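Below is one structure, written out as structure tokens; the observations come after it.
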Amino acid sequence: MAAVEMTAEVPMSPQQMWDRVSDLSELGDWLVLHEAWRGELPDELGEGTQVVGVARAKGFRNRVTWTVTTWEPPHRVAMTGSGKGGTKYAVSLTVRPTGDGSTLGVRLELGGGALFGPVGSAAARAVKGDVQRSLRNFVELYG
5 MAAVEMTAEV
15 PMSPQQMWDR
25 VSDLSELGDW
35 LVLHEAWRGE
45 LPDELGEGTQ
55 VVGVARAKGF
65 RNRVTWTVTT
75 WEPPHRVAMT
85 GSGKGGTKYA
95 VSLTVRPTGD
105 GSTLGVRLEL
115 GGGALFGPVG
125 SAAARAVKGD
135 VQRSLRNFVE
145 LYG
């Protein structure tokens, strides 16, 4: 799988950041790659929780079934996703305390038959700007 990983420091407490990061209903407000959820979101999240959403990257939309694979409040949530056409996704959001605030880490992995080898690497480079914009959005909305 091709991967993009970036961080941003935000002037907010780790708990405040976690409250935003772990609220899936707000994910589309800042994460550029998330368009919308399909159906109701669960009241509580945990490992094994499944949700269906629409991911978008560079104009392409894909219906994705997400499964929470890591749930470590208030530090990390990770999900893997399976989309149409055999596409695979993985997203990890991390919260770390730093000097006067917190650091938000975003790791995105893309894979599947359509994104194997050099094509996957090119796709990761293409969505790097989307990850950067997502971090800027988070800082502007909540920082």
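Count along the sequence shown from 1, add 4, and you get the number used in our numbering.
Cβ coordinates follow ideal geometry from the N, Cα and C atoms, glycine included.
Owing to the predicted nature of the structure, the values given are computational and were not obtained by experimental measurement.
In three-state DSSP terms, what is residue i?
i: S29; result: helix
i: G87; result: strand
i: G133; result: helix
Compute the beta-carbon to beta-carbon distance between residue i and residue j, rounded to the nearest angstrom, for a pair I have assumed lies under 8 Å.
i: V56; j: T71; result: Their Cβ separation, rounded to whole angstroms, is 10 Å, which puts V56 and T71 out of contact at 8 Å.
i: M21; j: V99; result: 5 Å
i: A6; j: L114; result: 5 Å
i: E76; j: V58; result: So it is not a contact: roughly 26 Å between Cβ atoms.
i: V110; j: L139; result: 6 Å
Spatial neighbours of residue i within its chain, please: CB distance less than 7 Å, with the 5 preceding and 5 following residues excluded, ordered by chain position.
i: E13; result: T102, G105, T107
i: K88; result: N66, R67
i: P15; result: D104, G105, G147
Rounded to whole angstroms, what's the CA-CA distance from residue i to residue j? Just pull it up for me.
i: D47; j: L28; result: 10 Å
i: A94; j: D33; result: 19 Å
i: R129; j: L49; result: 31 Å
i: E51; j: R137; result: 28 Å
i: V36; j: R60; result: 8 Å
i: V81; j: L31; result: 12 Å
i: N141; j: D23; result: 16 Å
i: L112; j: S86; result: 14 Å
i: Q19; j: V143; result: 15 Å
i: P78; j: G63; result: 33 Å
i: T53; j: M83; result: 9 Å
i: S17; j: T73; result: 25 Å
Less than 6 Å between C-beta atoms, sequence neighbours within five positions excluded: which residues of the same chain meet that for residue i?
i: K132; result: V8
i: G116; result: G90, T91, K92
i: D2; result: Any answer about residue 2 is impossible in this case: the structure gives the chain only from 5 up to 147.
So, at 8 Å on beta carbons, what are the nonlocal neighbours of residue i in its own chain, with the 5 sequence-adjacent residues on each side left out?
i: L45; result: L28, S29, V55
i: V25; result: V81, L97, V99, L108
i: R42; result: V56, G57, V58, R67
Measuring from the CB of residue i, is there a heavy atom of the ligand PLP at a distance below 7 Å?
i: D27; result: With respect to small molecules bound, the structure shown includes none, and the ligand PLP cannot be examined in it.
Restricting to runs no shorter than 4 residues, where is the alpha helix (DSSP H) found entirely within the stretch 15-74?
18-25, 31-34
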